[in-house]
Amino acid sequence: MSTVLVFLEAKSGEPTRISLEALAAGAQIAAATGAALAAAMVGAATGAGFGMLGAAEQVFAIEDPLLAAYTADGFTASYAQLIAQVKPEFVVLPHTYQVRDFAPRLATRLGRVLISDVTGIAMDAGKVTLTRQLFQGKLNGQYHAVVGSPTLLSVQAGAFRAEAAAATQASVTTFTPNLDAASIRTKPGEPFRAAAQTVDLASAPLLVSVGRGIKDEANLPLVKELAEALGAELAASRPICDAGWLPMERQVGSSGQTVAPKLYLAVGISGAIQHLVGMKGSQCVVAINKDENAPIFEIADYGIVGDLFEVVPALTAAVRKAKG
Amino acid sequence: MKIIVAIKQVPERDARIRIDSAGKWIALDEIEFRMNESDAYALEEALLLKEAQGGEVVVLSAGPERVGQTIREALAKGADRGIHIASDRLGEYDALGVARLMAAAIADEQADLILTGLQSDDLGLGQTGVILAELLGIPHSSLILKIEKTEVGIRVLRELEDGWFQHIEMTTPALLTIQSGNTRLRYATLMGIKKARSKDLRVIEADALGVDAARCVSLDSVMLPSRQKTTQMLTGTPAEAAAALVEKLQQEVRVL
Ligand SMILES: Cc1cc2nc3c(=O)[nH]c(=O)nc-3n(C[C@H](O)[C@H](O)[C@H](O)COP(=O)(O)OP(=O)(O)OC[C@H]3O[C@@H](n4cnc5c(N)ncnc54)[C@H](O)[C@@H]3O)c2cc1C
Ligand SMILES: Cc1cc2nc3c(=O)[nH]c(=O)nc-3n(C[C@H](O)[C@H](O)[C@H](O)COP(=O)(O)OP(=O)(O)OC[C@H]3O[C@@H](n4cnc5c(N)ncnc54)[C@H](O)[C@@H]3O)c2cc1C
Numbered sequence: 050m051s052t053v054l055v056f057l058e059a060k061s062g063e064p065t066r067i068s069l070e071a072l073a074a075g076a077q078i079a080a081a082t083g084a085a086l087a088a089a090m091v092g093a094a095t096g097a098g099f100g101m102l103g104a105a106e107q108v109f110a111i112e113d114p115l116l117a118a119y120t121a122d123g124f125t126a127s128y129a130q131l132i133a134q135v136k137p138e139f140v141v142l143p144h145t146y147q148v149r150d151f152a153p154r155l156a157t158r159l160g161r162v163l164i165s166d167v168t169g170i171a172m173d174a175g176k177v178t179l180t181r182q183l184f185q186g187k188l189n190g191q192y193h194a195v196v197g198s199p200t201l202l203s204v205q206a207g208a209f210r211a212e213a214a215a216a217t218q219a220s221v222t223t224f225t226p227n228l229d230a231a232s233i234r235t236k237p238g239e240p241f242r243a244a245a246q247t248v249d250l251a252s253a254p255l256l257v258s259v260g261r262g263i264k265d266e267a268n269l270p271l272v273k274e275l276a277e278a279l280g281a282e283l284a285a286s287r288p289i290c291d292a293g294w295l296p297m298e299r300q301v302g303s304s305g306q307t308v309a310p311k312l313y314l315a316v317g318i319s320g321a322i323q324h325l326v327g328m329k330g331s332q333c334v335v336a337i338n339k340d341e342n343a344p345i346f347e348i349a350d351y352g353i354v355g356d357l358f359e360v361v362p363a364l365t366a367a368v369r370k371a372k373g
Numbered sequence: 147m148k149i150i151v152a153i154k155q156v157p158e159r160d161a162r163i164r165i166d167s168a169g170k171w172i173a174l175d176e177i178e179f180r181m182n183e184s185d186a187y188a189l190e191e192a193l194l195l196k197e198a199q200g201g202e203v204v205v206l207s208a209g210p211e212r213v214g215q216t217i218r219e220a221l222a223k224g225a226d227r228g229i230h231i232a233s234d235r236l237g238e239y240d241a242l243g244v245a246r247l248m249a250a251a252i253a254d255e256q257a258d259l260i261l262t263g264l265q266s267d268d269l270g271l272g273q274t275g276v277i278l279a280e281l282l283g284i285p286h287s288s289l290i291l292k293i294e295k296t297e298v299g300i301r302v303l304r305e306l307e308d309g310w311f312q313h314i315e316m317t318t319p320a321l322l323t324i325q326s327g328n329t330r331l332r333y334a335t336l337m338g339i340k341k342a343r344s345k346d347l348r349v350i351e352a353d354a355l356g357v358d359a360a361r362c363v364s365l366d367s368v369m370l371p372s373r374q375k376t377t378q379m380l381t382g383t384p385a386e387a388a389a390a391l392v393e394k395l396q397q398e399v400r401v402l
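Chains D and H are the protein sequences, given in the same order. Per the working numbering, the first sequence starts with residue 50, numbered consecutively. Per the working numbering, the second sequence starts with residue 147, numbered consecutively.
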């Protein structure tokens with residue numbers, strides 16, 4: 050019987066949300082192809098987190114002191130060894146920074162190519178078609194794996210619904226990889242956070258967020274005035290903070306803040322996935338963009354297609370008038 | 147230090163994207179091309195290291211003839227020489243195939259450091275660098291913002307999720323994939339542009355590298371995404387659209 054093997058990531062011993070989404074994606078493939086579902090996570094088999102993987106028929110706890118801190122070499126070697134034992138048809142991973150780091154190496158070691166950041170899985174007559182975004186979300190591409198196995202894929206955050214853990218509990222098998230300290234060629238340091246926060250974007254009810262469409266630092270007063278008129282905090286996409294036009298603590302997205310305000314007004318932001326993951330929980334999204342095909346409109350409740358240099362001043366004036 | 151920088155030429159950021167008649171890729175006839183964004187940062191890091199440590203910066207790019215123009219741009223900014231893997235049919239390779247071409251083209255270079263961008267702005271697989279490291283049998287780190295030389299190798303600053311960072315120490319030779327945004331990019335000077343014309347640019351035909359193009363992954367079609375949410379579009383003049391939005395914010399969203 051063929052197997053779908055899902056590798057999960059744990060934080061404080063529990064599988065992360067995106068990992069459970071990957072498990073759900075794996076379950077979908079297993080159901081459609083009649084395969085068994087197996088799950089694997091680094092940690093001690095006695096850990097409580099393994100109890101949350103009930104959807105899988107087989108659970109592996111990958112245990113080795115050399116895996117305590119993540120390294121690409123350690124993870125690639127261990128995962129490759131488990132794959133050699135299980136011989137799965139599909140390997141599913143969550144598309145996290147860590148997976149981006151080692152999974153291409155893992156796939157290469159197996160002579161395969163990882164289909165990364167998958168947003169959709171379709172099954173038709175035994176053929177599995179995987180969708181991923183191109184051009185930062187402006188286009189979708191459909192892929193399939195050609196002869197050979199396994200097919201490796203990583204799934205985008207939020208693309209699959211994490212199922213509640215099934216009541217049944219699979220037995221957990223400890224897998225001890227054969228690792229050698231000398232084969233780990235990088236020495237990772239402790240993670241740290243940049244300077245202390247002085248604004249708390251997460252608690253602001255209204256946000257005006259500015260992107261590269263603003264073109265120049267000198268144009269920022271335009272959005273600042275709109276934010277003031279609305280009584281909103283100012284946020285930004287990454288390129289604005291990278292350029293130093295606004296401090297990094299105002300950056301929304303996967304490498305910045307996660308926000309869920311009542312109103313998120315995106316001005317000149319295209320809507321790349323790394324931005325969307327930080328704000329798609331907003332109750333209402335308004336987008337102003339000159340490109341009617343900008344991906345931000347896919348998640349916007351209200352949209353204005355137009356030149357922000359005309360629309361924003363008009364909006365500031367209209368807000369001021371409404372507020373009297 | 148000898149540093150190789152892999153640079154991909156991609157469509158201009160604001161390019162109008164139209165799907166070609168076969169539905170397999172975008173129509174390229176009206177597209178302008180430029181250097182992939184994170185690759186421009188990789189080049190900048192390489193030039194900064196060379197300025198501090200001495201050494202050589204070699205630019206590597208695979209693609210059709212027009213790629214030569216992007217290599218020249220890198221040479222004008224200060225790279226010492228270029229390698230162009232020439233092919234009009236790069237789309238027949240998957241990422242592993244493209245990385246094999248690159249590995250074969252630089253096999254004799256004995257570089258201390260290979261830098262690639264984190265991810266391309268067009269296909270965006272975000273893997274070519276890491277694959278290349280495995281093919282070459284050297285360690286790598288991805289999502290790198292800063293590189294410092296140490297006694298035994300290098301110390302790099304890696305970006306993690308949600309505003310966290312980490313330092314990693316590693317030996318060389320090594321491959322790093324560079325994240326955009328940590329430095330200011332330089333412009334090519336007139337002098338640089340003039341000098342670039344006489345710098346060495348070696349063209350290697352992809353077919354001559356003996357790499358099997360057989361793919362393990364196939365890109366079957368491309369399409370415009372479908373909307374997940376129904377967006378109410380507010381139309382009219384800027385003043386009309388603004389007035390309509392204010393009304394929605396008052397009546398429906400109730401935030402005004
Ligand atoms: C690992 C990783 C992590 C990342 N983390 C983050 C993150 O945390 N946050 C983040 O934001 N990004 C992040 N990014 C970057 C992300 O992929 C995008 O590149 C970025 O979000 C784009 O910012 P933007 O929308 O402002 O710029 P662009 O994509 O350049 O979009 C500018 C938009 O402005 C519009 N525009 C231009 N002129 C006008 C005008 N006159 N009027 C109206 N509209 C106009 C254009 O149509 C376009 O849609 C990350 C990327 C990676 C690879
Ligand atoms: C028409 C067409 C058809 C295609 N068909 C398929 C297919 O059937 N199957 C498939 O798997 N792929 C296909 N591809 C994708 C193609 O093989 C990709 O270029 C390859 O997968 C590299 O991925 P990427 O652009 O996503 O780069 P990424 O992995 O995102 O790039 C990371 C970094 O690697 C370096 N890099 C990447 N490419 C180059 C380059 N050419 N020269 C120099 N440096 C580079 C850059 O530094 C870049 O920042 C097709 C492409 C096209 C245009």
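Note that beta-carbon positions come from the ideal geometry of N, C-alpha and C, so glycine has one too. No experiment lies behind these values; they were computed from the predicted model shown.
Residue pairing by DSSP places residue 173 of chain D opposite D:176 in a beta bridge. Only residues of its own chain outside the window of five on either side were considered, and among them 233 have a CB closer than 8 Å to the CB of residue 353 of chain H, listed in chain order. Note that the C-beta distance between residue 272 of chain D and residue 248 of chain D is not below 8 Å. It is roughly 43 Å from the alpha-carbon of residue 326 of chain H to the alpha-carbon of residue 219 of chain D. Assignment of residue 218 of chain H by DSSP, reduced to helix, strand and coil, places it in the helix class. In the structure shown, the three-state DSSP call for residue 296 of chain D is coil. When beta bridges are read from the DSSP output, residue 181 of chain D appears opposite D:167, D:190. Between the alpha carbons of residue 275 of chain H and residue 263 of chain H lies a gap of roughly 7 Å.
With a cutoff of 8 Å on beta-carbon distance, residue 190 of chain H and residue 335 of chain H are scored as not near each other. Assigned with DSSP and collapsed to three states, residue 308 of chain D falls in coil, not helix or strand.
Excluding sequence positions up to five before and after residue 209 of chain D, its CB lies within less than 6 Å of the CB of 70, 73, 74, all in the same chain and listed in chain order.
Judged by pairs of C-beta atoms under 8 Å, the region 247 to 254 of chain H does not touch the region 134 to 151 of chain D, as fewer than three such pairs exist.
In the structure shown, residue 268 of chain D adopts helical secondary structure according to DSSP, grouped into three states. Taking non-hydrogen atoms of ligand 1 into account, the C-beta of residue 308 of chain D is found less than 7 Å away from none of them. Contact annotation for residue 105 of chain D against chain H: no contact, minimum CB-CB distance about 25 Å [criterion: below 7 Å]. Taking a C-beta distance under 8 Å as the contact criterion, residue 261 of chain H and residue 224 of chain H do not qualify as a contact pair. Judged by their CB atoms, residue 317 of chain D and residue 338 of chain D are nearer to each other than the 8 Å cut-off. Neighbours of residue 83 of chain D in chain H, taken as residues whose beta carbon is under 8 Å from its own, are absent, since the nearest beta carbon is some 23 Å off. DSSP places residue 256 of chain D in the uninterrupted beta strand (DSSP E) bounded by 255 to 259. Straight-line spacing of the CA atoms in residue 373 of chain D and residue 367 of chain D works out to 10 Å.
Counting of Cβ neighbours within 10 angstroms places residue 219 of chain H among the buried residues, the total reaching 16 or more.
The region 310 to 325 of chain H makes no contact with the region 199 to 210 of chain H, as fewer than three CB pairs between them are under 8 Å. In this structure, the beta-carbon distance from residue 180 of chain D to residue 162 of chain D does not fall below 8 Å. Per DSSP, reduced to three states, the secondary structure at residue 373 of chain D is coil, with no helix or strand assignment. Of the residues assessed, residue 50 of chain D falls on the exposed side of the cut-off, its CB having fewer than 16 other CB atoms within 10 angstroms. Nearest to residue 270 of chain H by alpha-carbon distance, out of H:384, H:157, H:151, is H:157.
Between ligand 2 and residue 221 of chain H, a heavy atom-to-CB distance of less than 7 Å is absent. Only those residues of the region 234 to 259 of chain D whose C-beta falls short of 8 Å from the nearest C-beta of chain H are listed: 234, 235, 236, 237, 238, 239, 240, 241, 242, 243, 254, 255. By the C-beta density criterion, residue 349 of chain H is exposed, having fewer than 16 other C-beta atoms within 10 angstroms.
Under the 10 Å beta carbon count, residue 344 of chain D is surrounded by 16 or more other beta carbons and is classified as buried.
None of the residues of the region 185 to 217 of chain H has a beta carbon lying less than 9 Å from any beta carbon of chain D. Secondary structure at residue 328 of chain D: coil, using DSSP grouped into helix, strand and coil.
Straight-line spacing of the CA atoms in residue 208 of chain H and residue 371 of chain H works out to 29 Å. Here residue 208 of chain D carries a coil assignment [DSSP, helix/strand/coil].
Near chain D, meaning a CB-to-CB distance below 7 Å, the residues of the region 376 to 391 of chain H are 377, 378, 379, 380, 384, 385, 387, 388, 389, 391.
At least one heavy atom of ligand 1 is found less than 7 Å from the C-beta of residue 358 of chain D.
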